[in-house]
Amino acid sequence: MKRIIALLLVVVMAVSVIACGKKNPDETTDMNNTTTSNSTTSTTTKITTPIVSDGFDEKNIVLQFGAVSDIHTGTNANKVSHAMQVLKDTAALYTSKGIDAVMVAGDLTNNYGSDESVKANEILEVKSAYEKVFDPAQVPMIFALGNHDHDFERNGGAGSSLATFQNVLGNKEAYNQYDVATSDAANGSRHVVINGYHFLMVEPITYSCVEGDASGAKYTSATKKWLDDELSKITSENPNQYVFVVTHPMIYGTVYGSDLLINTLYWYTKDLTSTLEKYPQVVTFGGHLHFPLQDERSIMQDKFTSLGCGSVQYMAIEDGSYENMSSATVMNDAYSISSGYLVQVDASGNVRFIRIDFSHDEIIKEPFVISTPASDGSHLLKYTNARGNSTNNTAPKFPADAITIEDTSSSGADVFNTVLKFKAAEDDDLVHHYVVKITLANSIFGRYNILTDFYRHPFTADMEKEYTLDLGNGFSRGSKYVITITAYDSWGASDVVTYNYEPVLDLDNVKLPEPYADLDFTGGTIKDSKNKLAIENVGATIADTAVKFAGVTKTVPAFNVTEKGQFARLTFSEYASSSSFTSLLRKDFSMEILYVNRSKTGTVGVIGGYDKYGFGFYEEEGNPAFKISLRGAFPTSMPEEKTSSDELVHVVAVYSKSSARLIVYVNGVPTVEQVSGVFRAKDGNYNVMCLGANSTDNGESDFATDLTVVDFKVYDVGITQAQATVLYNKVVESFKD
């Protein structure tokens, strides 16, 4: 009934073409991020010179056809007409008849919803866009359907079947003039013969992933038998002639992207492989992926030949976690890229695939040429995966001076911007992407995957010569970073360049802030010299104590815990409510501690108010850690190295709201943790901290058992890298006196 309604609607609306333009949430490219280009149909093309290829007879061409995919006419029909015009003009350079047909490997339309009137409109757009350039009676359009056209499983079989497409297009004598009687339209299968060459088009019944099943898109048993029977008959009669098999999903393990399995959609099929492998005369065309044809892996040969058709409407790429993308698999400029093939067969049965960039009206690199099928299989040896091995493929190579660094801030700034620039590596073909890794003390500090612009250019010589990457403001002055950049070509061959980055720390003009609170242990008592903290000593000993720091032993006033339950309770007396305490700490603040914890087992509170809605500094199995409450989250900055059990450690712990970081400087060496949110205090223990324990709503926890604290200060500003270094150096100098 739906098909009858759709046909009636076609009659009513045949005089107009209405663009739908609905987005597709399941395409490789995230169609929720679409922007259409403004390309228009041209009457001429810049391609004016015929190509000459070894092994192909340009003067005796017996068949020319366009091979495109994913035209998604409902997105931008002008782009489709333009591609058709370029194909027409290019083919006319070779024969007086010009192009014989245009083959589309699925996704002629864009909206795969259940509204057949919308689908009918899009089919009419296909017809209009095509017939702006071609008379189908002279140049037929032959096609397989894709998941946007007809998906048996989506929305109860939404979309339009092959029969519906043929009915809506009308003029069956023109569009179907080369179909033979063995076609099986009910299952989406077509057998077309043009100039003596056979085209077989088959349609899967599902693209939907089934958990644990990686076999890919499925075909009915009837379709697979039909394909096998047709191939058997054709190749028996014509063993030295290629047969073109067209289906929307890629044949698994063949061309670039044919192993892609993401989201809930299959992008390949394994269901046809056992059939196709029996026929070395097969050339498959697939779409669905939208991957760029500039990559040489767009053709692959094993037991048969496979090609990916790219996309007329927009490009996509693998999910490589690349920088500056519209989405995981969408380049920002995806809609400015359009491509396909002009396929030619000469009188000897050789086939040439001319890659065309419809966006620039240019030929892409050198055409692929395959020789006439041979009984010994020698025609399948040219475009194998072995092209990428170390014998046949040269790895990229960086120039020696590839990397430069620009520090765009003043030399004394703690938060500063760093820009990395690097020269492109040279390759015998193209560099596909770069991986930038930054390490600090053998730990990953940053990683960036950068897709090159190879897909934008018909010629690799026009690719970018230099890349710029803003590394942001996470670097700490005085630290030593190692930057490595690896260039990968399409086959995974690589070259690495390394740069040692040590941002200069300027200590000449550092001004230290006044502490907000400063504990004093002289005279056997504990007090705050700034009168900001109310202090209650619970059993700890305040006495001159021999301690070691930076290799020097010295006797200094100190706070000592010798057994569990000894601590000092510190209360921020100026802030008698959680809201006022919150307001204090919703700006940058810092703590400075000079201590030694001799017991490295369990959690030891050094200066603690980190339970629930506070902050504090503690050790976890000897690893120092600074924790703060930010809107219910409890981010922690924890250096990897354990502190000494017999020597003082100098710590500056900083919450920098302005740069969204927790920073712990241990003996001047920083560890940085990016954070989000703002500080939040809550009624209870919000303004109480314990020296030698952790203050909680229910008392104290995480008691120290063998702890000496020589100094503790609170700052109501964020201590900078330079200031932290000066503070550390001052302590070192004080022990030398």
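Start counting the sequence shown at 37; every next residue gets the next number (this note's numbering).
Just so it is clear, CB atoms sit at the ideal spot from N, CA and C, and this is done for glycine as well.
Check                                                                                                                    : Outcome
Distance between R423 and S334 (C-alpha atoms, nearest Å)                                                                : 12 Å
Residues that V642 bridges to, as DSSP identifies them                                                                   : The partner list for V642 (beta bridge, DSSP) is empty, contrary to what the question assumes.
Beta-carbon proximity list for D90, same chain, < 8 Å, skipping 5 on both sides                                          : V405
When T126, F201 and V140 are compared against V154, the one with the closest alpha-carbon                                : F201
Local conformation of N191 per DSSP, three classes                                                                       : Annotation note: pLDDT 44 at N191 (below 50); position unreliable, coordinate value reported separately. Of the three classes helix, strand and coil, the one that applies to N191 here is helix, per DSSP.
Burial state of S268 (16 or more Cβ within 10 Å)                                                                         : exposed
When D437, V228 and D443 are compared against A461, the one with the closest alpha-carbon                                : D437
Neighbourhood of V88 by C-beta distance below 8 Å, restricted to the same chain and skipping five residues each side     : E94
Coarse secondary structure for M139, derived from DSSP in three states                                                   : strand
Cut-off 6 Å between Cβ atoms - residues of its own chain near V690, not counting five sequence neighbours on either side : S626, I699, G754 and I755
Closest Cα partner of T496 within the set G134, D464 and Y211                                                            : D464
Cβ of Y292 within 9 Å of any chain D Cβ                                                                                  : The chain inventory of the structure shown lacks chain D, comprising one protein chain alone.
For R483, the residue or residues it bridges with in DSSP                                                                : K473
DSSP state of Q757 mapped onto helix, strand, coil                                                                       : helix
Contact belief for L198 with G142 at Cβ below 8 Å, rounded distance in angstroms                                         : At roughly 11 Å, the Cβ-Cβ gap does not stay under 8 Å, so L198 and G142 are not in contact.
First and last residue of the uninterrupted beta strand (DSSP E) at M674                                                 : No beta strand (DSSP E) holds M674; DSSP gives it neither H nor E.
Contacting residues, own chain, Cβ-Cβ under 6 Å from H184 (five flanking each side not counted)                          : D143, T145, N146 and Y148
Unbroken alpha helix (DSSP H) run spanning N157, endpoints                                                               : E152 to E167
For M120, three-class secondary structure by DSSP                                                                        : helix
Where the beta strand (DSSP E) through Q100 begins and ends                                                              : I97 to V104
Pair within 9 Å by beta-carbon distance, F458 and V533                                                                   : yes
Beta-carbon spacing of D682, V642 below 9 Å                                                                              : no
C-alpha distance - Y377 paired with F389, whole-angstrom precision                                                       : 6 Å
Unbroken alpha helix (DSSP H) run spanning K261, endpoints                                                               : S257 to E273
Short Cβ contact (9 Å threshold) for G252 with G293                                                                      : no
Distance between G482 and L630 (C-alpha atoms, nearest Å)                                                                : 31 Å
First through last residue of the beta strand (DSSP E) which encompasses L698                                            : R697 to V702
Nearest residue (CA-CA) to F608, options A594, M361, F340 and G650                                                       : G650
Cα-Cα separation, Q277 to T440                                                                                           : 55 Å
Stretch-stretch touch, CB-based, cutoff 8 Å, three pairs: the region 537-553 with the region 722-733                     : no
Identity of the residue in F490, D397, D525 and G728 nearest M120 by Cα                                                  : D397
Rounded separation between R634 and D647 - CA only                                                                       : 23 Å
T305 - partner residues in DSSP beta bridges                                                                             : G252 and I287
Same chain, Cβ closer than 6 Å to V318, five either side skipped, listed in chain order                                  : V279, V281, L312 and F340
Own chain residues within Cβ distance below 7 Å of L541, not counting five before or after                               : R513, G514, Q757, A758 and T761
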